[in-house]
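When the sequence shown is numbered by the working numbering, its final residue is 515 and no position is left out of the sequence of numbers. Cβ atoms here follow ideal geometry from the backbone N, Cα and C, with glycine treated the same way. Model, not experiment: these values are computed from the prediction. Below is one structure, written out as structure tokens, with a few remarks after it.
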Amino acid sequence: MIILEKKGRLIILSGPSGVGKGTIREQLFNNKELNLAYSISMTTRKPRVNEVNGVDYFFVSEKEFLRSIDNDELIEWAEFVGNYYGTPKYYVEELLKKGKNVVLEIEVQGATQVIASCKDVLSIFIVPPSMEELERRIRSRQTETEAVIKTRLAKAASEIDTADNYDYVVENTNVANAVLEISKIIKENTN
Ligand code: 5GP
């Protein structure tokens with residue numbers, strides 16, 4: 325008897341900084357039916373007050389990050405507003421083998437790399453209802469300096485222009501609705 329191994333699917337959640345990717349992702353994970361696992365990224369950014377190493381990110385030095393690039397240990401990586409961010413390969417491959425649908429919550433340069441190099445990826449782009457609302461959300465986090473907020477907002481407009489590269493575009497006007505819409509997309513596109 326042949327037992328076919330059930331392999332999980334790689335899922336990209338992308339969109340501009342402040343659009344609500346993190347909140348949406350957390351709520352998607354409450355739905356156990358979706359069989360999701362989160363890919364913990366590596367970053368050189370300093371942890372925010374509530375962030376935990378190995379849970380939110382692997383916080384590393386620039387030297388460690390550059391070593392991971394040299395050793396070909398990352399699926400994708402990008403420099404975003406002065407820091408490096410990347411997806412460790414090993415962990416994602418292990419989770420996919422276990423049959424998990426693995427969520428990469430990443431910015432657009434990294435998402436573009438994965439879409440180009442990985443045929444079977446399911447890509448979802450989240451857009452804000454307006455630029456004014458995006459600015460309000462970034463400011464309400466109160467985690468970044470004014471200079472960083474301005475750079476993230478300036479980047480957002482060009483990031484939104486890449487929406488056509490994705491399989492699905494979801495507007496986050498209301499988190500509960502966006503979560504429902506994305507849950508449906510995932511259910512329809514995974515085993
Ligand atoms: P933050 O500093 O707000 O945590 O993240 C900044 C941006 O980097 C967000 O858009 C976030 O989704 C993205 N990001 C987080 N991890 C990764 C990663 O591994 N690769 C890439 N390309 N972007 C990431």
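Note down the Cα distance separating residue i from residue j, rounded to an integer number of angstroms.
i	j	result
Thr-436	Gly-406	19 Å
Ala-402	Ala-481	18 Å
Glu-418	Leu-428	14 Å
Met-366	Val-451	24 Å
Ala-471	Thr-368	18 Å
Lys-422	Cys-442	18 Å
Asp-444	Asn-425	12 Å
Asn-374	Thr-486	31 Å
Pro-371	Lys-474	20 Å
Ile-364	Leu-352	16 Å
Asn-355	Val-384	31 Å
Ala-478	Arg-461	14 Å
Leu-420	Glu-483	28 Å
Going by other Cβ atoms of all chains shown within 10 Å of its Cβ, with 16 needed for buried, is residue i buried or exposed?
i	result
Gly-342	buried
Ala-440	exposed
Val-494	buried
Lys-345	buried
Ile-393	exposed
Ala-502	buried
Ser-454	exposed
Ser-464	exposed
Asn-496	buried
Tyr-415	buried
Kindly examine the ligand 5GP and report whether one of its heavy atoms sits closer than 8 Å to the Cβ of residue i.
i	result
Gln-351	no
Leu-428	yes
Asn-374	no
Pro-340	yes
Val-445	no
Tyr-362	no
Lys-345	yes
List the residues that DSSP assigns as beta-bridge partners of residue i.
i	result
Ala-487	None; Ala-487 has no bridge partner.
Ile-450	Val-494
Glu-400	Thr-411
Phe-382	Met-366
Asn-377	Tyr-381
For this session: Give, in chain order, every unbroken run of the alpha helix (DSSP H) that is at least 4 residues long and sits entirely within the region 330-372.
Result: 345-352
Problem set entry | Ordered list of beta strand (DSSP E) runs contained in the region 404-451, each at least 3 residues | 407-412, 425-429 and 446-451
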